[in-house]
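With positions in the sequence shown counted from 1, the corresponding number in UniProt numbering is that position plus 247.
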Amino acid sequence: DKGGWSSFMAKEIAEQPDAIANTLRGRIVEGAVEIPELGSLGPDILKDIDRIVIIACGTAAYAASTAKYAIEAWARVPVDVELSHEFRYRTPVLSARTLLISVSQSGETMDTLMAVKYARDAGVKTLSVCNTQSATIPRESDGVIYTHAGPEVAVASTKAFVAQIVALYLFGLHLGTVRGTLSTEGLHDMTRQLLALPEKLAEVLEVTDTVRQLAHWMADTRSVLFLGRHVGYPIALEGALKLKEISYIHAEGFAAGELKHGPIALIEPGQPVFVVVPSPRSSAELHSKIVSNIQEIRARGARVIAIAEKGDAAVLPFADEVIPVPLAEPLIQPLLSVVPLQLFALELSTAKGLDVDQPRNLAKSVTVE
Ligand code: F6R
Numbered sequence: 248d249k250g251g252w253s254s255f256m257a258k259e260i261a262e263q264p265d266a267i268a269n270t271l272r273g274r275i276v277e278g279a280v281e282i283p284e285l286g287s288l289g290p291d292i293l294k295d296i297d298r299i300v301i302i303a304c305g306t307a308a309y310a311a312s313t314a315k316y317a318i319e320a321w322a323r324v325p326v327d328v329e330l331s332h333e334f335r336y337r338t339p340v341l342s343a344r345t346l347l348i349s350v351s352q353s354g355e356t357m358d359t360l361m362a363v364k365y366a367r368d369a370g371v372k373t374l375s376v377c378n379t380q381s382a383t384i385p386r387e388s389d390g391v392i393y394t395h396a397g398p399e400v401a402v403a404s405t406k407a408f409v410a411q412i413v414a415l416y417l418f419g420l421h422l423g424t425v426r427g428t429l430s431t432e433g434l435h436d437m438t439r440q441l442l443a444l445p446e447k448l449a450e451v452l453e454v455t456d457t458v459r460q461l462a463h464w465m466a467d468t469r470s471v472l473f474l475g476r477h478v479g480y481p482i483a484l485e486g487a488l489k490l491k492e493i494s495y496i497h498a499e500g501f502a503a504g505e506l507k508h509g510p511i512a513l514i515e516p517g518q519p520v521f522v523v524v525p526s527p528r529s530s531a532e533l534h535s536k537i538v539s540n541i542q543e544i545r546a547r548g549a550r551v552i553a554i555a556e557k558g559d560a561a562v563l564p565f566a567d568e569v570i571p572v573p574l575a576e577p578l579i580q581p582l583l584s585v586v587p588l589q590l591f592a593l594e595l596s597t598a599k600g601l602d603v604d605q606p607r608n609l610a611k612s613v614t615v616e
């Protein structure tokens, strides 16, 4: 039931504040993180791991790439993110001290399931981040963190993506606590920020009309580029994936620092480029680098659409459009800046008269390798 929405995707984007409140529910107790479903992955095991490998496909892999920054910062464990099908068919170096985390909305993706089984057979501990109760992947894993985002029907994943990042953040905070790498102050600060997230997600949804207008103007666009740095980089990749999936427009995401190593050659007058801008308050260095990237592409005629923190005056002179997101700490910002990109894909697909929920050639759950 679409509940009055024009598509399941529109409904699921709008549900994100509630979905995230559900991911968080009962898991932050007096400022600390509690995840009882970790099963046999108790503190003794988590203290001892020396590496994390996260495997996933598509959007779930971008959620993993976003969370890598936070988990490494809080738990001081190296995190590698790899596509399940790539991981499975090489000879990955694994040890008993490796923790393999799989991320899957459906819990049925065959590539990811095969990779989990492969790791388990190699004696590796496995944790599943999953949205679907009692799906196959969590059943094959040592522990599970359910995202509790509610059923996701639209083929293009939205609320599950944000919920996956939040679930991985909760795990990162737990791991940092267990390993003693995260201060109590740092933990309390982050849990406060996470608890404030549903409200900020509700606020960022207010850009819907602005994004709809933009999408209408851009309905004939043939190619769109997305740039980001740091946690904004996987968000740029996710923005591009959403657009290609449901609008059938050529879209590519880049790390902004890569521009001069190749992609800037694509910039010609009128080329639309979305730029995910980090907060100027919290990381002045990253912010000024992005502003100079914007100037570089603007000078070559790009049409710049900046996703920037509300009140960020530095981007105004150089951007054709600014889509504001609420103030948030750097690691929280990607959870907000992805929303306008989801909305843009939805609105552009709608403007083109396409089937938003059932894009051609795609299935919600890919149960073949
Ligand atoms: C993108 C999308 C796919 C899935 C991918 C993994 O919108 O839906 O890229 O994210 O097929 O699916 P799960 O998470 O079910 O393993």
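A virtual CB, placed ideally from N, CA and C, is assigned to each residue, including glycine. It should be emphasised that the depicted structure is a prediction, and the values quoted were computed from it without experimental measurement.
- Message: Under DSSP, the alpha helix (DSSP H) around residue 305 begins and ends at which residues?
- Response: For the purposes of this step, residue 305 is identified with residue 58 of the sequence shown, where counting begins at 1. Unbroken alpha helix (DSSP H) run through residue 305: 305 to 322.
- Three-state class that DSSP yields for residue 327 in the structure shown: Here residue 327 is taken as the residue at index 80 of the sequence shown, counted from 1. Strand at residue 327.
- Provide the residue span of the beta strand (DSSP E) that contains residue 429, from first to last. Here residue 429 corresponds to residue number 182 of the sequence shown, with the count starting at 1. No beta strand (DSSP E) contains residue 429, which DSSP labels as neither H nor E.
- Run through DSSP, which three-state label would residue 480 get? On the sequence shown, residue 480 is found 233 positions in, with the first residue counted as 1. DSSP places residue 480 in helix when its eight states are reduced to three.
- Query: Is residue 490 near the ligand F6R, in the sense that its beta carbon is under 8 Å from a heavy atom of that ligand?
  - Reply: Counting from one through the sequence shown, the residue named residue 490 turns up at place 243. Outside the cutoff, so no.
- Among 405, 606 and 373, the one whose alpha carbon lies nearest that of residue 392: Counting from one through the sequence shown, the residue named residue 392 turns up at place 145. Closest by alpha carbon: 373.
- Query: Can you name the start and end residues of the alpha helix (DSSP H) that residue 294 belongs to?
  - Reply: In the sequence shown, counting from the first residue as 1, residue 294 sits at position 47. Note, residue 294: alpha helix (DSSP H), 290 to 295.
- Task: Kindly indicate which residue of 592, 333 and 545 has the alpha-carbon position closest to the one of residue 517.
- Result: If you number the sequence shown from 1, residue 517 lands on position 270. Comparing Cα positions, the closest option is 545.
- Tell me whether residue 609 is buried or exposed, calling it buried when 16 or more other Cβ atoms sit within 10 Å of its Cβ. Taking the sequence shown and counting its residues from 1, one reaches residue 609 at position 362. Answer is exposed; the Cβ neighbour count stays below 16.
- Message: Looking at the ligand F6R, does it come within less than 8 Å of residue 605, judged from the CB to the closest heavy atom?
- Response: The residue you call residue 605 lines up with position 358 of the sequence shown. Outside the cutoff, so no.
- Determine, using beta-carbon pairs with one atom in the segment 500 to 511 and one in the segment 445 to 457, whether at least three such pairs fall under 8 Å. no
- Exposure of residue 512, with buried meaning 16 or more beta-carbon neighbours within 10 Å: Residue numbering aside, residue 512 sits at position 265 when the sequence shown is read from its first letter. With fewer than 16 other Cβ atoms within 10 Å, it is exposed.
- Message: Could you compute how far the alpha carbon of residue 323 sits from the alpha carbon of residue 577?
- Response: Position 76 of the sequence shown, counting from 1, holds the residue named residue 323. Position 330 of the sequence shown, counting from 1, holds the residue named residue 577. Using only the alpha carbons, I get a separation of about 18 Å.
- Does the Cβ of residue 407 lie closer than 8 Å to at least one heavy atom of the ligand F6R? For this step, residue 407 is matched to residue 160 along the sequence shown. Yes; taking the cut-off as 8 Å, the Cβ of residue 407 has a heavy atom of the ligand F6R nearer than that.
- Task: Give the straight-line distance between the Cα atoms of residue 451 and residue 382, rounded to the nearest whole angstrom.
- Result: As a working note, residue 451 is residue 204 in the sequence shown. As a working note, residue 382 is residue 135 in the sequence shown. When rounded, the distance between both Cα atoms is 32 Å.
- In terms of residue numbering, what span does the alpha helix (DSSP H) encompassing residue 454 cover? What you label residue 454 is simply residue 207 of the sequence shown in a count that begins at 1. Unbroken run through residue 454: none, as it is neither H nor E.
- Would you identify the three-state DSSP class for residue 336, choosing helix, strand or coil? Residue numbering aside, residue 336 sits at position 89 when the sequence shown is read from its first letter. In the structure shown, residue 336 sits in coil (DSSP, three-state: anything other than H, G, I, E or B).
- Item | Given 8 Å, three or more beta-carbon pairs between the segment 572 to 591 and the segment 468 to 485 | yes
- Task: Quick one: residues in its chain with C-beta nearer than 6 Å to the C-beta of residue 379, no 5 flanking neighbours on either side, listed in chain order?
- Result: Locating residue 379 in the sequence shown gives position 132, where the first residue counts as 1. Taken in chain order, the residues that qualify are 353 and 354.
- Message: Using CA atoms only, rank isn't needed, just tell me which of 580, 528, 491 and 525 is closest to residue 630.
- Response: Residue numbering for the chain in the displayed model covers 248 to 616; residue 630 lies beyond these limits and cannot be assessed.
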